[in-house]
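FYI, numbering that gives the first Met the number 0 numbers position 144 of the sequence shown as 143, with every residue one higher than the one before it. Here is the structure we will look at.
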Amino acid sequence: MIPRYSRPEMVAIWEPEQRFRIWFEIEAHACDAQAELGVIPKEAAKAVWDLGNFDVARIDEIEREVKHDVIAFLTSLSEYVGPEARFVHQGMTSSDVLDTCLNVQLVRAADLLLADMDKLLDVLKRRAFEHKDTVCIGRSHGIHAEPTTFGLKMAQAYVEFVRNRERLVNARKEVATCAISGAVGTFANIDPYVEEHVAKAMGLEIEPVSTQVIPRDRHAMYFATLGVIASSIERLATEIRHLQRTEVLEVEEYFSEGQKGSSAMPHKRNPVLTENLTGLARLVRGFTIPAMENVALWHERDISHSSVERMIGPDATVTLDFALARLTNVMDKLVVYPDNMIRNLERLGGLMHSQRILLALTQAGVSREDSYRLVQRNAMVVWREGKDFLSLLKNDPDVSKALSDAQLEELFDLGYHTKHVDTIFKRVFGAA
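Now the structure itself:
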């Protein structure tokens with residue numbers, strides 16, 4: 000996590016001050032429950048809320064000596080609360096605080112990411128309708144295939160991020176659990192009611208069966224979901240990068256006044272934002288493997304997951320938050336060149352209609368094998384010599400036996416390929 004690829008609201012979730020504030024709330028809510036049960040005096044629970052505080056610098060100072068962050072926090076807290084601090088952390092273990100806090104942070108991070116995706120979805124929907132009928136060539140293997148529309152490209156991206164949003168909602172729900180169950184999850188020294196109380200207070204659900212920790216399959220799914228979202232970001236970014244290549248130039252990242260593309264070549268207008276997004280996606284996706292490797296802990300717990308999560312928690316969420324915001328900005332300001340799309344569409348002399356010719360020949364009684372051969376031999380002439388596909392077909396006697404010139408001309412209608420765009424849009428966006 001570096002400032003260059005960070006936004007303040009997401010960073011704030013992971014700041015030490017915020018982390019210790021969540022720790023304090025967990026401990027204080029646990030004291031309330033213990034007081035209700037008669038385990039500690041009600042006055043002690045009240046004192047924790049009234050007097051409780053902490054000092055980050057002091058916690059760091061204590062930790063340098065005791066080599067344990069939760070003990071350092073509790074020591075700092077006790078310096079504010081006084082004698083009643085002896086009732087704090089009754090029957091609890093450090094992981095009760097750490098795991099519950101981590102899940103609170105991941106839930107809050109997910110909420111920001113969901114808001115990010117809502118903004119992106121709004122932009123993608125607008126661009127989809129704006130270019131619903133903007134015809135362009137579809138490509139497979141990077142090679143001209145058949146016509147589509149730029150709006151359909153945007154609609155595809157839209158539904159992909161709708162799926163991603165649903166995935167994150169589910170991942171958020173899965174990770175939103177609380178464990179206040181003691182050293183090995185048996186509640187030996189604490190009543191299960193304390194867990195129920197803290198969970199409700201912190202907006203979480205109870206963990207059905209914890210050990211010393213909350214099972215890490217939950218977290219693995221969370222980070223895997225972030226990785227999938229990052230991959231979708233990269234997919235759209237890669238599409239923009241390819242479409243911005245000089246030889247294609249169907250779309251272009253917005254190039255602002257005063258912006259410079261190269262220290263050496265003043266003419267350059269590079270797709271730097273989408274290239275950046277491609278790199279950021281690699282990072283977020285890379286965090287999924289260590290998250291999955293955290294699942295297999297020893298017995299009731301080891302600490303091998305801790306160092307991983309202290310890094311990937313903030314790094315993955317902060318990076319993805321930045322990437323979603325950047326992608327939204329790119330798509331919002333994306334410059335689209337419909338004239339270039341038509342020019343590219345027509346570059347291969349009508350080859351994009353080859354499948355329709357093939358089907359028409361079969362409908363006219365020609366075998367599929369012969370139909371394919373007739374269409375392909377004329378198509379290869381277009382590839383080699385740059386001739387017009389329609390003219391070649393009209394002058395091919397084997398084709399003319401089956402299809403008249405008028406029929407062939409009708410088969411080259413561009414609208415044939417986009418006739419179901421409205422149907423697809425209704426599937427995606429519903430009735431207008």
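No residue lacks a Cβ here, since even glycine has one placed at the ideal position from N, Cα and C. Just so you know, these numbers come straight off a predicted model, no measurement behind them.
Assigned secondary structure, residue i (DSSP; H/G/I helix, E/B strand, else coil)
i      : result
HIS143 : strand
VAL183 : coil
THR442 : Residue numbering for the chain in the displayed model covers 0 to 431; residue 442 lies beyond these limits and cannot be assessed.
MET153 : helix
GLN211 : coil
MET330 : helix
GLY51  : coil
HIS88  : coil
TRP297 : coil
GLU78  : helix
GLY349 : coil
PHE128 : helix
MET264 : coil
SER94  : helix
GLN258 : coil
GLY278 : helix
ALA430 : coil
ASN269 : coil
VAL65  : helix
PHE411 : coil
ASN102 : helix
GLY226 : helix
Supposed close pair residue i, residue j - CB separation, criterion 8 Å
i      : j      : result
ARG122 : ASP331 : One detail in the question is off: residue 122 reads as Val in this sequence, not Arg. Right, their Cβ atoms sit about 5 Å apart.
THR176 : ARG234 : Wrong, their Cβ atoms sit about 32 Å apart, outside the cutoff.
HIS88  : GLU24  : Wrong, their Cβ atoms sit about 14 Å apart, outside the cutoff.
ALA34  : GLU83  : ALA34 to GLU83, Cβ: 11 Å. No contact.
GLU384 : LEU333 : Going by Cβ atoms, the distance from GLU384 to LEU333 rounds to 36 Å, so no, they are not a contact pair.
THR148 : LYS131 : 6 Å
LEU323 : ILE232 : 7 Å
Beta-bridge pairing of residue i - partner residues as DSSP gives them
i      : result
THR176 : GLU204
VAL250 : VAL335
ARG138 : HIS143
THR148 : VAL134
Spatial distance of residue i from residue j (CA atoms)
i      : j      : result
VAL249 : ARG240 : Sequence inspection shows Glu at residue 249; the Val mentioned does not correspond to that position. Straight-line Cα distance between these residues: approximately 10 Å.
ASP110 : ILE179 : 24 Å
PRO270 : ALA71  : 48 Å
MET351 : GLY141 : 14 Å
VAL65  : ARG57  : 12 Å
LEU76  : ASN52  : 6 Å
LEU296 : LEU203 : 23 Å
ARG309 : THR224 : 18 Å
LYS338 : GLU129 : Looking at the sequence provided, one finds Asp at residue 338 rather than Lys. Going by the C-alpha atoms only, they are around 15 Å apart.
ASP397 : ARG342 : 31 Å
PHE19  : ALA29  : 15 Å
LEU242 : LYS152 : 12 Å
ASP395 : ASP421 : 36 Å
SER261 : LYS267 : 6 Å
SER403 : LYS393 : 8 Å
VAL106 : MET220 : 13 Å
ILE445 : ALA263 : For the chain, the structure presents residues 0 to 431; residue 445 sits outside this window and is missing.
MET340 : LEU347 : 13 Å
PHE186 : PRO7   : 39 Å
ARG367 : LYS418 : 25 Å
LEU272 : SER5   : 15 Å
SER139 : VAL247 : 15 Å
LEU439 : THR245 : Absent from the model: residue 439. The displayed extent of the chain is 0 to 431, so no value can be given.
Residues of its chain near residue i, where Cβ-Cβ distance is below 7 Å and the 5 sequence neighbours each way are ignored
i      : result
GLY90  : GLY181, ASN188, ILE189
ALA108 : MET9, ILE12, THR316
ASP68  : GLU62
GLU145 : GLY137, MET351, GLN354, HIS416
SER93  : VAL69
PHE222 : PHE286, THR287, ALA290, ILE311, ALA315
GLN17  : ALA11
LEU73  : VAL87, HIS88
SER209 : ALA178, SER180, GLY184
THR237 : THR277
TRP48  : ALA27
ALA127 : GLY150, MET153, ALA154, TYR157
Cutoff 8 Å; reference residue i; Cβ partners in own chain excluding five residues on either side
i      : result
ARG164 : LEU113, MET116, ASP117, LEU120
ASN275 : ARG325
ILE423 : LEU151, ALA154
SER230 : ALA280, ARG284
GLU292 : VAL307
THR327 : ASP115, LYS118, LEU119, VAL122
Sequence-distant residues of its chain with Cβ nearer than 6 Å to residue i (five each side left out)
i      : result
PHE86  : ILE39, ALA43
VAL212 : SER94, ASP98, ARG300
VAL374 : SER353, ILE356, LEU357
ALA401 : LEU360, ALA363, VAL365
GLN104 : ILE12
ALA170 : MET220, TYR221, THR224
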